[in-house]
Amino acid sequence: MAEVVLHVEDMSKQYRLGEFGTGTLQHDLNRWWHKVRGKDDPYLKIGEKNDRSTVGGEYVWALKDINFEVTQGEVLGVIGKNGAGKSTLLKILSQITGPTTGRITANGRIASLLEVGTGMHHELTGRENIYLNGAILGMTRAEVARKFDDIVDFSGCARYVDTPVKRYSSGMMVRLGFAVAAFLEPEILIVDEVLAVGDAEFQQACIGKMKDVSKGGRTVLFVSHNMASIKALCHRGLLMDQGMIDFDGGVKECVDRYLDMSLKVEEDGSVPESASTINTGVVKVKKLKLFDPENRQTQTIPFGAPIKFEFEIDSQEEFSDLIFDVRICNTDGIQLVHAMNQ
Numbered sequence: 005m006a007e008v009v010l011h012v013e014d015m016s017k018q019y020r021l022g023e024f025g026t027g028t029l030q031h032d033l034n035r036w037w038h039k040v041r042g043k044d045d046p047y048l049k050i051g052e053k054n055d056r057s058t059v060g061g062e063y064v065w066a067l068k069d070i071n072f073e074v075t076q077g078e079v080l081g082v083i084g085k086n087g088a089g090k091s092t093l094l095k096i097l098s099q100i101t102g103p104t105t106g107r108i109t110a111n112g113r114i115a116s117l118l119e120v121g122t123g124m125h126h127e128l129t130g131r132e133n134i135y136l137n138g139a140i141l142g143m144t145r146a147e148v149a150r151k152f153d154d155i156v157d158f159s160g161c162a163r164y165v166d167t168p169v170k171r172y173s174s175g176m177m178v179r180l181g182f183a184v185a186a187f188l189e190p191e192i193l194i195v196d197e198v199l200a201v202g203d204a205e206f207q208q209a210c211i212g213k214m215k216d217v218s219k220g221g222r223t224v225l226f227v228s229h230n231m232a233s234i235k236a237l238c239h240r241g242l243l244m245d246q247g248m249i250d251f252d253g254g255v256k257e258c259v260d261r262y263l264d265m266s267l268k269v270e271e272d273g274s275v276p277e278s279a280s281t282i283n284t285g286v287v288k289v290k291k292l293k294l295f296d297p298e299n300r301q302t303q304t305i306p307f308g309a310p311i312k313f314e315f316e317i318d319s320q321e322e323f324s325d326l327i328f329d330v331r332i333c334n335t336d337g338i339q340l341v342h343a344m345n346q
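Written as structure tokens, this is what we have:
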């Protein structure tokens, strides 16, 4: 039986909405001292409750009652809609922030790539950052030196390795950050969807490297909205929804459940509020209807038949000419149809 390297038990994370601090370190320490002694917050406003176990207008649970284990060499894909709690979960596992309740046990060193520039000191050069990250992981300078050339070659930043990373593009920074995290051999590698910043070739190289990491007996937690990458890389899927685990099991079933949840369109064509969307808030798709060759509304189209789409949008501004760019992909993320209205 494989060794459990990461164990999460009854873990929850609560945030207070609005400003939390009282303005001074002394006051924050005083609040903490009252809390550990079981006393009320001395800075509560009149009428404000001291109960942090309930969700009122001033608190929100980003994560609630999270329980799972990850074994050595396993690749766990974490998926879910925007705001489901994926990034908060990874930040807690990476020890960037702590849980409100619950316990996390990790057996081994953890390296994470959560955002562009994660783990990088922007005033230091690429070379200095490589050695800095190695030191943080507990490696000696000699150990980092043995991996240095591999890191630089994979990142493609050899020409700029002695340039401060603040002058790197976001793509270069992600390439270097991933190479550092993957090649310095942590027991647990955590990668958020930041890889989307890189080009297709680099993304495939990262997928290949994470497979190598897994084959070497190390554990990977991978967050992505690219279901093809999730299915190609992961052994198991964890589906997050509204701060809770909706599904934990086989990656194919997990992806299918996510797609049903995210891409479902109601019979009348209404796009549910829970659907995963990317928008600026200026224009939003309210309804999407699909019609067959006889101009009848349908959910399926026979192979080779013409397709007709009808959109109902909500616009906050007036536009004279809107361009509709429609792309249909299969569950592996492969584009099947691309059409525009001009």
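Be aware that the sequence shown starts at 5, since it is given in the working numbering, and climbs by one per residue. For each residue, glycine too, the CB sits at the ideal point set by N, CA and C.
Per DSSP, cross-strand counterpart(s) of residue i
i: M248; result: D245
i: T75; result: V8
i: E13; result: R107
i: K288; result: D318
i: L67; result: K17
i: G181; result: In DSSP, G181 forms no bridge with anything.
i: G42; result: None; G42 has no bridge partner.
i: F226; result: G81, V195
i: R240; result: L80, G254
Closest Cα partner of residue i within the set the options
i: Q320; options: Q30, K290, P310, R300; result: K290
i: F152; options: M176, A185, S173; result: A185
i: P231; options: M177, K213, A204, Y262; result: The amino acid occupying residue 231 in the given sequence is Met; Pro does not appear at that position. For M231, the nearest C-alpha among the options comes from Y262.
i: L128; options: A236, V169, R107, N345; result: V169
i: V64; options: Y19, Q339, E205, K235; result: Y19
i: S91; options: S218, M176, F315, V195; result: V195
i: R240; options: G254, G221, D203; result: G254
i: I332; options: I311, E322, E316; result: I311
i: D325; options: D154, V178, M344; result: M344
i: V217; options: E205, A204, C238, E197; result: C238
i: E119; options: L141, P103, K95, T104; result: K95
i: L242; options: G42, W37, E78; result: E78
i: Q208; options: A139, I234, L340; result: I234
i: G123; options: T104, G175, F182, T105; result: F182
Within 7 Å, strictly: CB atoms of residue i and residue j
i: V148; j: Y135; result: yes
i: H11; j: T109; result: yes
i: A6; j: Q99; result: no
i: M35; j: D44; result: The sequence shown places Arg at residue 35, not Met. No, these two residues do not count as a Cβ contact at 7 Å.
i: A88; j: D245; result: yes
i: K293; j: Q301; result: yes
i: E62; j: L21; result: yes
i: L161; j: G212; result: The sequence given here places Cys at residue 161; Leu does not occur at that position. It is not a contact, given that the beta carbons lie outside the stated cut-off.
Report task. Ignoring anything shorter than 4 residues or poking outside the stretch 86-143, list the alpha helix (DSSP H) runs there in chain order. Result -> 90-97, 130-140
Query raised in the report: Would you call the stretch 108-116 and the stretch 186-199 in contact, with 3 or more CB pairs under 8 Å?
Result: yes
**Report entry** Inter-stretch contact at 8 Å, needing at least 3 Cβ pairs: the stretch 77-89 / the stretch 221-236
**Finding:** Taking a contact to require three or more Cβ pairs closer than 8 Å, the stretch 77-89 and the stretch 221-236 qualify as touching.
Query raised in the report: Taking only runs of the beta strand (DSSP E) that begin and end inside the stretch 293-343, which ones reach a length of at least 3 residues, in chain order?
Result: 312-319, 329-333
Query raised in the report: Taking one C-beta from the stretch 8-15 and one from the stretch 61-78 each time, how about it: are there three or more such pairs within less than 8 Å?
Result: yes
Requested in this report: Would you mind listing the alpha helix (DSSP H) stretches within the stretch 150-195 that are 4+ residues and don't spill past its ends, in chain order?
Outcome: 174-187
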